[in-house]
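The letter at position 107 of the sequence shown is residue 490 when you use my numbering, and the numbering goes up by one with no holes.
Don't be surprised by glycine CBs; every beta carbon is placed ideally from N, CA and C.
Below: the structure, in structure tokens.
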Amino acid sequence: MSGVPEVTDADFAEEVLGAGLPVLVEFTADWCPPCRQMAPVLRSLAAAEEGRLKVVQLNVDTNPATTNAYKVLSMPTFMVFRDGEPLRSMVGARAERRLREELRDVL
């Protein structure tokens, strides 16, 4: 989708819940314009925070089990996980500066 790695229902537990770093998951869909708008923001964030934050995407249309498990209803939804637990959920596209501010206490 955006150059940010995708996770699936099959590997979510390993890639997100079992990660050694905090993980920002974007719940996204191909048909979602605000999701596409976030692609460069997520690429930039992933590059800038490499080694401190893992950034991934999950396509809600092809991964309904994880989407439903976390009660995601709107796209994009961003969830931050640490040590296998969701810490924060944010809904809607946002500027990179705002996203960084919202992640400050996680990093």
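Where the alpha helix (DSSP H) through residue i begins and ends
i       : result
Thr-450 : 447–452
Arg-480 : 479–486
Pair within 7 Å by beta-carbon distance, residue i and residue j
i       : j       : result
Val-439 : Val-390 : yes
Asp-392 : Asn-446 : yes
Leu-436 : Leu-490 : yes
Phe-395 : Thr-449 : yes
For residue j and residue i, the rounded distance between their alpha carbons
i       : j       : result
Ala-402 : Asp-413 : 26 Å
Pro-405 : Met-473 : 15 Å
Gly-475 : Gly-467 : 23 Å
Arg-481 : Phe-464 : 18 Å
Pro-416 : Phe-410 : 13 Å
Cys-418 : Pro-388 : 14 Å
Ala-452 : Arg-471 : 15 Å
Gly-434 : Glu-485 : 18 Å
Arg-426 : Arg-483 : 13 Å
Asn-477 : Met-421 : One point to set straight first is that residue 477 is Arg, not Asn, in the sequence displayed. Using only the alpha carbons, I get a separation of about 8 Å.
Ala-431 : Glu-479 : 11 Å
Met-384 : Met-462 : Note that Met-384 scores a pLDDT of 47, beneath 50, so its modelled location is shaky; the value from the coordinates is reported in the next line. Answer to the nearest angstrom: the Cα atoms are 18 Å apart.
Those residues which DSSP pairs with residue i across a bridge
i       : result
Pro-469 : Phe-464
Val-474 : Thr-460
Val-390 : Leu-441
Could you pull out every unbroken alpha helix (DSSP H) segment of at least 4 residues lying fully inside the region 393–460, listed in chain order? 416–420, 422–431 and 447–452
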